[in-house]
Amino acid sequence: MKCVKLLFLALIAFESLTDKLVSSSDSKIVCYYNSKSFHRSGNGKLDIPFLEPALQFCTHLIYGYAGIKEENFKIQPLDEPLDINKQNYRHITDLKRKFPGLRVLLSVGGGNDVSGEGSEKNLKYRTLLESVETRLAFANSAQDLVKNYGFDGLDLAWEFPENKPKKIRSKISGWFSNLKHKIVGESIIDEKAEEHKEQFTALVREIKNLFRHNGLLLTLSVLPNVNSTVYFDPRQLSPHIDFVTLQTFDFRTPERNPKELDYPAPLYEALNRKFDENADFQVRYWLKEGTPTNKVLLGIPTYGRAWKLNEDSGLTGVPPLATDGPAEPGQYSNEAGLLSYPEICNKIATPKEVQAGYLGKLRKVNDPTKRYEEENRFWNVSDITNRYGSYAFRLPDKNGENGIWVGYDDPDTVGNKAAYAKAKGLGGISLVDISLDDFRGTCTADLFPLLRSAKFRL
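Numbers -18 to -1, 1 to 440, taken from mature numbering (1 follows the signal peptide of the UniProt record, and there is no 0), label the letters of the sequence shown in order.
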């Protein structure tokens, strides 16, 4: 009898260990891949041969972006010359032959299908939701498109209205603002928001009912600055989706906040900031509202947000700071206020250059904060974690020009966010976008250093 008990206990221990190993190996690494990269010049162009080294780390590849036809609400390629005429859809899904475990999805929206302005901006994404006929037109066309080109499913990066930008406040005014936000909510940006919330759930349910018969995946991407409490019902959505990526970055951008910079992608709430402008709050909200932990993925950016510094920006570089709008576009990313990771790392001064007082490059500042282990109520000194992210800056010259500040996630920050996802028991992480990682190895000898860092900490 004693031997039987020992055997039983050993089996339980083995099963527990196996569960942990399976849980770790089941973590998803979702790689977003924007087709805009094909139109970049020189070293900024990520075509398929340069993409392949990343796919040993990715469990899912989300290719973007498709859009919606305004006249009939059917799905459509946003870059038909590339995706249809040059058969890029086929080339992308053919990657599964070389990487059999890879699942490839097509994403719709993603901030790339922009039309209209103000309250009319991207109105078609809300109008589509308002009738069964338009929802089914979209659902059926989406099913046809993903099946015809061999995709494994569809990602809905739905283009709901964004929150209005807010100023950073003092401690007291910030406290009252947060209290008002909790009691009253955000200012109204969509008079029919509650209806759209219910209708979006209906759309997801209708698409999943179609997809289920064909073994197709359906996922969500919650875009930056879209209020989850307004447009998503996690408890009702969860049974019909395979996972949701929370794109917890771009809380501050030069486009939305041209006169005041701050950390663009903090993991935790910074002092005197809005309580919901951090990744941890967004994750906890979706979990609290009933989403299974294994269906929540933490979105991590591969790019930085860059502002111009001026004479009013001070000398320390410590955010928040007054600014003079977006910094100049990078050589390859070619978008004002945005720099890819390799564009950032190649602007940063080496330790020797810093000691020599070289002023041409940027000075990097690592986040010195330590994570507070709230559950255990103590400071874990051995676990130094980026709460807010790294930044680098160069002060303006004597003419008040050439100043720049960029906030970004370096490999350490990305690794810490992956470790956070693992500690929370999340389904994994999503990297947005791998075409802005260092896929040519210009920073170090490693290709895709951000992706690698996430993989090895997950």
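Idealized CB from N, CA, C, for every residue including glycine.
Bear in mind the structure is a predicted one, so any value in this text is a computation, not a measurement.
Inter-residue CB distance, residue i and residue j (contact presumed, cutoff 8 Å)
{"i": "V12", "j": "I50", "result": "No, V12 and I50 are not in contact; Cβ-Cβ is about 23 Å, not under 8 Å."}
{"i": "D244", "j": "I330", "result": "Not a contact, Cβ separation roughly 20 Å."}
{"i": "N16", "j": "D415", "result": "5 Å"}
{"i": "G135", "j": "L199", "result": "3 Å"}
{"i": "L440", "j": "K404", "result": "5 Å"}
{"i": "G307", "j": "K290", "result": "6 Å"}
{"i": "L205", "j": "V265", "result": "Wrong, their Cβ atoms sit about 16 Å apart, outside the cutoff."}
{"i": "G407", "j": "T275", "result": "4 Å"}
{"i": "F39", "j": "F421", "result": "12 Å between Cβ atoms; not a contact."}
{"i": "R117", "j": "L185", "result": "5 Å"}
Inter-residue spacing [alpha-carbon to alpha-carbon] between residue i and residue j
{"i": "S322", "j": "K148", "result": "26 Å"}
{"i": "D428", "j": "L418", "result": "14 Å"}
{"i": "T201", "j": "D215", "result": "14 Å"}
{"i": "V114", "j": "N122", "result": "12 Å"}
{"i": "T183", "j": "S97", "result": "23 Å"}
{"i": "D349", "j": "Q218", "result": "38 Å"}
{"i": "G385", "j": "V226", "result": "38 Å"}
{"i": "Q125", "j": "F193", "result": "7 Å"}
{"i": "K68", "j": "N209", "result": "37 Å"}
{"i": "K78", "j": "L84", "result": "6 Å"}
{"i": "K56", "j": "E62", "result": "15 Å"}
{"i": "K80", "j": "E242", "result": "47 Å"}
{"i": "Y47", "j": "Q337", "result": "45 Å"}
{"i": "R234", "j": "Y373", "result": "13 Å"}
{"i": "T109", "j": "K437", "result": "40 Å"}
{"i": "Q58", "j": "V128", "result": "11 Å"}
{"i": "L212", "j": "P248", "result": "Correcting the residue identity first, residue 212 is Val in this sequence and not Leu. In a straight line, the C-alpha of V212 is about 22 Å away from that of P248."}
{"i": "T305", "j": "T298", "result": "13 Å"}
{"i": "G371", "j": "L344", "result": "16 Å"}
{"i": "I66", "j": "I189", "result": "23 Å"}
{"i": "G382", "j": "K174", "result": "47 Å"}
{"i": "D232", "j": "L320", "result": "11 Å"}
{"i": "A309", "j": "P240", "result": "10 Å"}
{"i": "P64", "j": "G296", "result": "For the record, residue 64 in the displayed sequence is Leu; it is not Pro. If I take the Cα positions, the gap works out to 46 Å."}
{"i": "S155", "j": "S412", "result": "Its pLDDT being 48, under 50, S155 is placed unreliably by the model, and nothing is read from it."}
{"i": "Y220", "j": "N54", "result": "Here residue 220 is Ser; the residue named in the question, Tyr, does not match the sequence. Their Cα atoms are separated by approximately 28 Å."}
{"i": "P82", "j": "T41", "result": "10 Å"}
{"i": "residue 455", "j": "R369", "result": "The structure shown has nothing for residue 455, since the chain only spans -18 to 440."}
{"i": "E112", "j": "E177", "result": "8 Å"}
{"i": "A119", "j": "N70", "result": "24 Å"}
{"i": "G423", "j": "P324", "result": "8 Å"}
Endpoints, alpha helix (DSSP H) assigned at residue i
{"i": "S97", "result": "No alpha helix (DSSP H) holds S97; DSSP gives it neither H nor E."}
{"i": "W387", "result": "Note, W387: premise wrong, no alpha helix (DSSP H); beta strand (DSSP E) at 385 to 390."}
{"i": "D224", "result": "Counting along the chain, D224 falls outside any alpha helix (DSSP H), and DSSP gives it neither H nor E."}
{"i": "R85", "result": "Note, R85: premise wrong, no alpha helix (DSSP H); beta strand (DSSP E) at 85 to 91."}
{"i": "Q264", "result": "261 to 270"}
{"i": "G397", "result": "393 to 405"}
{"i": "residue 441", "result": "This structure gives no information on residue 441, because the portion of the chain shown stretches from -18 to 440."}
{"i": "L110", "result": "Segment: none, L110 is in no alpha helix (DSSP H) and carries neither H nor E."}
{"i": "P59", "result": "Unbroken run through P59 is the beta strand (DSSP E), 57 to 59; no alpha helix (DSSP H)."}
{"i": "S435", "result": "431 to 439"}
{"i": "Q181", "result": "175 to 194"}
{"i": "P333", "result": "333 to 337"}
Extent of the continuous beta strand (DSSP E) run through residue i
{"i": "A288", "result": "285 to 291"}
{"i": "V347", "result": "345 to 347"}
{"i": "V208", "result": "Counting along the chain, V208 falls outside any beta strand (DSSP E), and DSSP gives it neither H nor E."}
{"i": "I171", "result": "Looking at the DSSP string, I171 is not in any beta strand (DSSP E), and its letter there is neither H nor E."}
{"i": "D137", "result": "135 to 139"}
{"i": "I416", "result": "Segment: none, I416 is in no beta strand (DSSP E) and carries neither H nor E."}
{"i": "L77", "result": "Counting along the chain, L77 falls outside any beta strand (DSSP E), though it belongs to the alpha helix (DSSP H) covering 77 to 80."}
{"i": "L320", "result": "320 to 322"}
DSSP bridge partner residues for residue i (one or two, in chain order)
{"i": "E242", "result": "A304"}
{"i": "R376", "result": "I386"}
{"i": "K10", "result": "G410"}
{"i": "H42", "result": "V12, R85"}
{"i": "L199", "result": "G135"}
{"i": "G24", "result": "In the DSSP output, where bridge partners are listed per residue, G24 has none listed."}
{"i": "V278", "result": "V226"}
{"i": "A48", "result": "P59, V90"}
{"i": "I330", "result": "L344"}
{"i": "F317", "result": "Reading off the sequence shown, one finds Glu at residue 317, where the question assumed Phe. E317 pairs with L320."}
Residue i Cβ short of 7 Å to the ligand ADP heavy atom set
{"i": "A309", "result": "As presented, the structure is devoid of all ligands, the ligand ADP included, so that no description of it is given."}
| request: Evaluate the contact criterion for the segment 132 to 146 versus the segment 85 to 105: three or more CB pairs, one atom per stretch, below 8 Å. | output: yes
| request: Determine contact between the segment 247 to 262 and the segment 374 to 382, defined as no fewer than three beta-carbon pairs at a distance below 8 Å. | output: When C-beta atoms of the segment 247 to 262 are compared with those of the segment 374 to 382, fewer than three pairs fall below 8 Å, so the two segments do not count as touching.
| message | Three or more C-beta pairs under 8 Å: does that hold for the segment 390 to 403 against the segment 279 to 290? | response | In short, these stretches touch, since the Cβ pair count reaches three.
| Should the segment 76 to 94 be called in touch with the segment 19 to 28, which here means at least 3 C-beta pairs below 8 Å? | no
| message | Assess contact between the segment 272 to 282 and the segment 398 to 405, defined as three or more Cβ pairs (one per stretch) separated by less than 8 Å. Is contact present? | response | Put simply, the segment 272 to 282 touches the segment 398 to 405. At least three CB pairs are less than 8 Å apart.
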